[in-house]
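These notes are about the structure you will find just below.
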Amino acid sequence: MTKKIRIATQGLFLLLFLWLFLQTESKGANDLGYPVKIFLDADPLIFITTMLSSREWYQTFYLAILVIVATVFLGRVFCGWVCPLGTLNNMVGSIKKGRPKKATVDWYRFKYYLLIFLLVSSLFSLQLVGIADPISLLIRSFSLAVYPFVSYATSATFDAFYNAHIPFLVNISEFTYSILKKIFLPFQQPFYLQSAFVGFLFLLILGMNLVERRFWCKYLCPLGGLLGILSRYAFLKRSVSEDCNDCGACAQACQGGAAPDGNDKWKNTECLYCMDCDDRCPRNAVHFGFREKQPVAGMDLGKRRVVGSILTGLIAVPLMRITPIAKAGVADPRLIRPPGSLEEKEFLRKCVKCGECMKVCITNGLQPTLFEAGIEGIWSPVLVPRIGYCEYRCTLCGQVCPTGAIKKLELPEKNKVKIGLAMIDKGRCLPHAHATPCIVCEEVCPTPKKAIWFEQVGVKNREGKERILKLPKVDLELCIGCGLCEAKCPVLGQPAIYVTSVGESRSRDNQLLLP
Amino acid sequence: MKRRDFIKAAIAAGVTITFPGSTGIILSPLEAAEKVDLAVSHGVSPAGITKAAIDALGGIKRFISRGDVVVVKPNIGWDRMPEYAATTNPEVVSTVIRLCYEAGAKQVKVFDRSVVDPRRCYKQSGISDAASAVGGVVSFVDDRKFREVKLPGVALKSWPLYSEAMEADKVINLPIAKTHGLSILTLGMKNWMGIMGGSRGRIHQKMDGSLVDVAMFMKPSLVVLDAVRILTANGPQGGSLSDVKQLNTVIAGTDQVAVDAYGATLFGLKGADLGYVVAGHKAGLGTMDLAKLKIKRVNI
Chain A
5 MTKKIRIATQ GLFLLLFLWL FLQTESKGAN DLGYPVKIFL DADPLIFITT MLSSREWYQT
65 FYLAILVIVA TVFLGRVFCG WVCPLGTLNN MVGSIKKGRP KKATVDWYRF KYYLLIFLLV
125 SSLFSLQLVG IADPISLLIR SFSLAVYPFV SYATSATFDA FYNAHIPFLV NISEFTYSIL
185 KKIFLPFQQP FYLQSAFVGF LFLLILGMNL VERRFWCKYL CPLGGLLGIL SRYAFLKRSV
245 SEDCNDCGAC AQACQGGAAP DGNDKWKNTE CLYCMDCDDR CPRNAVHFGF REKQPVAGMD
305 LGKRRVVGSI LTGLIAVPLM RITPIAKAGV ADPRLIRPPG SLEEKEFLRK CVKCGECMKV
365 CITNGLQPTL FEAGIEGIWS PVLVPRIGYC EYRCTLCGQV CPTGAIKKLE LPEKNKVKIG
425 LAMIDKGRCL PHAHATPCIV CEEVCPTPKK AIWFEQVGVK NREGKERILK LPKVDLELCI
485 GCGLCEAKCP VLGQPAIYVT SVGESRSRDN QLLLP
Chain B
295 MKRRDFIKAA IAAGVTITFP GSTGIILSPL EAAEKVDLAV SHGVSPAGIT KAAIDALGGI
355 KRFISRGDVV VVKPNIGWDR MPEYAATTNP EVVSTVIRLC YEAGAKQVKV FDRSVVDPRR
415 CYKQSGISDA ASAVGGVVSF VDDRKFREVK LPGVALKSWP LYSEAMEADK VINLPIAKTH
475 GLSILTLGMK NWMGIMGGSR GRIHQKMDGS LVDVAMFMKP SLVVLDAVRI LTANGPQGGS
535 LSDVKQLNTV IAGTDQVAVD AYGATLFGLK GADLGYVVAG HKAGLGTMDL AKLKIKRVNI
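Which chain is which? The protein sequence lines are A and B, in order.
Number 519 marks the last residue of the first sequence (our numbering); no jumps.
Number 594 marks the last residue of the second sequence (our numbering); no jumps.
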């Protein structure tokens, strides 16, 4: 019975997660209408590390505190009953047949070392938690890999029917397709740099369930580690009555690595509170309750290893920062951050690489970095105008950012934010270099007074005939760097107008003009 | 479109052969009424002046027949609200749709290939909501539905155009009058860019001829130029209310060149100032000589 309730609860939370994920998409208005980032808001690991790294009180902390309090009272119920990645691990793990009685490895301590590493490095301002935090990781993997994959595969299938021109079949397939479009397909096929890489890592995490069920949760998950520590003195405890005959059914059922059978003491910090042991016990000898008094195993992490984890966290900070990237004018000029992004150092202290901004970006222009922002900035958002520009009247990325790395801007404020400046490549521009009329950059320029203007000149063509040409010029005071001109420039390949980050409002040093 | 038109033409021809003079009888009431080339209506209600302009041309039934599948093609190119005059007035759009249904249209489709994100353009322009409210079938452009077609070749020999626009029985062009960096103004003929597929930015290299090509190919049943508000600078996208001028005017006609030539006068220009109007005139698409046209003005 408990198992059924637990599975139903997990299912509901997974559905809620997926539904909110699907809602992280514009429908034309400038708000989404749903609290799409609540799973990130409820993540205590993101909450704590962001506070440590940014040294700022975090805005939306109620849910995270709720999870902390729940864990202190009830143990790791979040892992067993709520976490959508845990549920997916459960689902994949259920494919695995023939479970070993003993765990294949005894690495459960690793997640605590990883946790310590992350906490220490964040204390010294290096925020790496997003790489391994399960909620960040899950949203990122879904946004950048799983969803684009599903969308592509579905569209390709229906396109095949559509292009086959079989009259009756096309009607059916197009009808089905239109329904799927309404239910779960994206408005347009998303494309991301590193889709395959991020997707491969995610597959690996799911695949590890075939080695051992919930491999990730038991051994690797730093959030699991944090909740494990918080559940050390949880009030909800497990006891085994004298009816136990050491049949070992509970050990087989155990989803965590909690050693529920009689051989060792119960490791309460490893218990996911799935209560399968209670459910499975043939003699009904297992009980969960608030008054159980049986002793639990201590948490032995080993002093040297703990010190080692702390040191690694310390070393990582300067190690990742000894790159010239932070110098103005040295950083990748194409590192164009979303509008409202904090100054780069502050930004990196807060960005948790969850990919929400990339998922919601209306033009698909926000892409994950690899090393453009240093190793610490991996998978943080960068605008790639050739893929998609920044929509002038859209503020969605700031609305979904869970930590405020991208500030939530009001529209008038957003319209003034410069994320970079556009420059013209006169060697490629059609009017400048080839005496061919083209005005696309000026036409699309979205600022109320256009940042692109024309100098009208008479030029002679090869035959010596005079032609009047409009040569586009960029008004650097007005240009906001949205990249719409670059996105639409008909000079394909290397565009004739392109945006770089110089002039971005958020930076004091990365400037071109005198203030 | 082709097949349907052919069948209709064939039937009409058949009728004419069988009953000589019969088309004359059918057409006589229309011909008896004074033939209006352009209707210009002025008044505070966008819906009212839209209907008045169409009525002045002889009413919607002159253009739409019972059972027609109609495409109404407004300008939904930009993420701007109606008062910024970057997109066709939603009330003008919904009025035309309503009139089409009143004339017995089977279905009225509305779409445009927006320049920026279509979700935002459709929503923020108010057109999606206004058109849906009167039964218009609003859809986003589906990339699979562009079909390469042969064009007259003034500038373009062929280009992918939107099949739903080509397959409709009747097409009504619903542009808004705005300034534009290259073509000086964007009026009716330039509105056809919204059914062009591919890398349409390239047509700016031979803008005038390209527009004439597509306009000659499309042959709309009716053009209704929205000048309720016009954008006088920083077009075609605008963004500043100080560039918007309230004219409370709608121009309707069937001659694409004439409508645009008249549109130019709203900005203090002449048709001859616009390259594509001149090119259209020369190519025989229509006339830019407003003096030769019967223009009916209505004030309501």
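Where a beta carbon is used, it is the ideal one built from N, C-alpha and C, also for glycine.
All values reported here derive from a predicted model rather than from experimental measurement.
Any chain A beta carbon closer than 8 Å to residue i
i                      : result
residue 484 of chain B : no
residue 528 of chain B : yes
residue 417 of chain B : yes
residue 389 of chain B : no
residue 386 of chain B : no
residue 411 of chain B : yes
residue 408 of chain B : no
residue 476 of chain B : yes
residue 420 of chain B : no
Chain D within 8 Å of residue i, Cβ atoms only
i                      : result
residue 572 of chain B : Among the chains of the structure shown, chain D does not appear; the protein chains present are A and B.
8 Å Cβ shell around residue i - same chain, five flanking residues per side excluded
i                      : result
residue 236 of chain A : 272, 273 and 303
residue 30 of chain A  : 36, 191, 364, 366, 398 and 400
residue 484 of chain B : 469, 474, 477, 505 and 570
Secondary structure of residue i, DSSP reduced to three states
i                      : result
residue 326 of chain B : With a pLDDT of only 42 at residue 326 of chain B, under 50, the local geometry of the prediction cannot be trusted, and the value read off the model is given with reservation. Helix.
residue 303 of chain A : coil
residue 457 of chain A : strand
residue 344 of chain B : helix
residue 453 of chain B : strand
residue 174 of chain A : helix
residue 292 of chain A : strand
residue 193 of chain A : coil
residue 336 of chain B : strand
residue 490 of chain B : strand
residue 514 of chain A : coil
residue 500 of chain B : helix
residue 579 of chain B : coil
residue 277 of chain A : coil
Supposed close pair residue i, residue j - CB separation, criterion 8 Å
i                      : j                      : result
residue 373 of chain B : residue 393 of chain A : Contact doesn't hold; Cβ gap of about 12 Å is too wide.
residue 541 of chain B : residue 479 of chain B : About 14 Å separates the two Cβ atoms, so there is no contact after all.
residue 604 of chain B : residue 489 of chain B : What is shown of chain B runs 295 to 594, which leaves residue 604 of chain B out entirely.
residue 420 of chain B : residue 375 of chain B : 7 Å
Proximity test, Cβ basis, 8 Å: residue i and chain B
i                      : result
residue 432 of chain A : no
residue 440 of chain A : yes
residue 447 of chain A : yes
residue 174 of chain A : no
residue 477 of chain A : no
residue 188 of chain A : no
residue 350 of chain A : no
residue 470 of chain A : no
residue 458 of chain A : yes
residue 363 of chain A : no
Cβ-Cβ distance between residue i and residue j below 8 Å
i                      : j                      : result
residue 461 of chain A : residue 337 of chain A : no
residue 474 of chain A : residue 501 of chain A : no
residue 450 of chain A : residue 533 of chain B : yes
residue 433 of chain B : residue 465 of chain B : no
residue 332 of chain B : residue 545 of chain B : yes
residue 320 of chain A : residue 355 of chain A : no
residue 213 of chain A : residue 100 of chain A : yes
residue 504 of chain B : residue 569 of chain B : no
residue 558 of chain B : residue 510 of chain B : no
residue 57 of chain A  : residue 129 of chain A : yes
residue 404 of chain B : residue 363 of chain B : no
residue 588 of chain B : residue 329 of chain B : yes
residue 152 of chain A : residue 198 of chain A : no
Contacting residues, own chain, Cβ-Cβ under 6 Å from residue i (five flanking each side not counted)
i                      : result
residue 245 of chain A : 289
residue 323 of chain B : Because the pLDDT at residue 323 of chain B is just 45, under 50, the model does not fix this residue reliably, and the value given afterwards should be weighed accordingly. Answer for residue 323 of chain B: no residue qualifies.
residue 472 of chain B : 480, 525, 529 and 530
residue 232 of chain A : 273
residue 344 of chain A : 402, 410, 411 and 413
residue 317 of chain A : 121, 124 and 125
Sequence-distant residues of its chain with Cβ nearer than 7 Å to residue i (five each side left out)
i                      : result
residue 319 of chain B : Here residue 319 of chain B scores only 43 on pLDDT, less than 50, and its place in the model should not be relied on; the value that follows carries that caveat. Excluding residues within five positions, none has a Cβ falling inside 7 Å.
residue 554 of chain B : 481, 482, 483, 565, 568 and 571
residue 97 of chain A  : 213, 217 and 218
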